[in-house]
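Scroll down for the structure; my scribbles are underneath it.
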Amino acid sequence: MEKAVELLKSLVDIPSSSGNESEILIYLEKWLIKEGFDFVVREETFVAGQIKAIVNNGQKKEAIILAGHVDTVVAGNLCDWKFPPTDAQVKEGKLFGLGASDMKGSDVGNLLAAASFIGQDLSQDIWVVGTANEELDGKGSEDFARYFSQNCSYESALCVIAEPTDLEKIYIGHVEIIL
Numbered sequence: 084m085e086k087a088v089e090l091l092k093s094l095v096d097i098p099s100s101s102g103n104e105s106e107i108l109i110y111l112e113k114w115l116i117k118e119g120f121d122f123v124v125r126e127e128t129f130v131a132g133q134i135k136a137i138v139n140n141g142q143k144k145e146a147i148i149l150a151g152h153v154d155t156v157v158a159g160n161l162c163d164w165k166f167p168p169t170d171a172q173v174k175e176g177k178l179f180g181l182g183a184s185d186m187k188g189s190d191v192g193n194l195l196a197a198a199s200f201i202g203q204d205l206s207q208d209i210w211v212v213g214t215a216n217e218e219l220d221g222k223g224s225e226d227f228a229r230y231f232s233q234n235c236s237y238e239s240a241l242c243v244i245a246e247p248t249d250l251e252k253i254y255i256g257h258v259e260i261i262l
């Protein structure tokens, strides 16, 4: 749990409002490499940017994708904040800061879940993906979906999007159809 809290504090402390995700993408790239992921790519050539990493080096026939976004809304009026928005604070067992729940907390869950499989012989590749620009127009997710459909030849893939939302629909199908 301590590793999760420290990683979440680090992510919250990095300002990453939509359109300003470079610093957090660079941080995540370094973290993923340090943790020992087989394949790490930080893209900033797309409209929005993204970070992709794989456990198992992309050699399996099936993939599980753990996806989230790394951007936040803007902080707004700083006087409205109990604590500085990009200075994570733990009080009474809760972590406060901009993006802590939407969605850096879920990103930490994805990162640590994927990292827990490093070195194991799995029947699937495990991808962890952090996209940018979700709070504006979702371009980072569109770019990743396009990348994945054009560059990967898995027989099947499952994507878990850890977005904290009340969305009631579940889509099943091909990425090209949904987008």
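Residues 84 to 262 in the numbering used here are what the sequence shown spells out, letter by letter.
Every residue, glycine too, gets a C-beta built ideally from N, C-alpha and C.
Bridge partners of W210 according to DSSP: I137, I148. Excluding its 5 nearest sequence neighbours in each direction, A245 has C-beta neighbours in its own chain below 8 angstroms: L149, A150, G151, M186, S189, D190, G192, N193, listed in chain order.
Within the same chain, I201 come within 7 angstroms of G119 by CB-CB distance, once the 5 residues on both sides are set aside. Two segments are said to touch when three or more pairs of C-beta atoms, one from each, lie closer than 8 angstroms; by this definition the stretch 164-172 does not touch the stretch 222-240. Looking at the DSSP output, Q172 shares a beta bridge with F179.
L108 is not a Cβ neighbour of I137, given a cutoff of 8 angstroms. Secondary structure of I109 (DSSP, three-state): helix. Residue burial annotation: V88 is exposed, with fewer than 16 other C-beta atoms found within 10 angstroms of its C-beta.
In the three-state reduction of the DSSP assignment, C242 falls in the strand class. Scanning its chain for C-beta atoms nearer than 8 angstroms, with the 5 sequence neighbours on each side dropped, one finds around I97 the residues E106, I107, Y110, T169, in chain order. Burial is judged here by how many other beta carbons sit within 10 angstroms of a residue's own beta carbon; V95 has at least 16 and is buried. The C-beta separation of D208 from G102 comes to about 30 angstroms, leaving the pair out of contact by the 8 angstroms criterion.
Between L195 and K92, the C-beta spacing is not below 8 angstroms.
When secondary structure is reduced to three states using DSSP, S224 falls in the helix class. C-alpha of V123 to C-alpha of K174: approximately 34 angstroms in a straight line. Cβ contact annotation for V211 (same chain, cutoff 7 angstroms, sequence separation greater than five): A136, L149, N193, L194, A197, in chain order. In the three-state reduction of the DSSP assignment, E89 falls in the helix class, which pools H, G and I.
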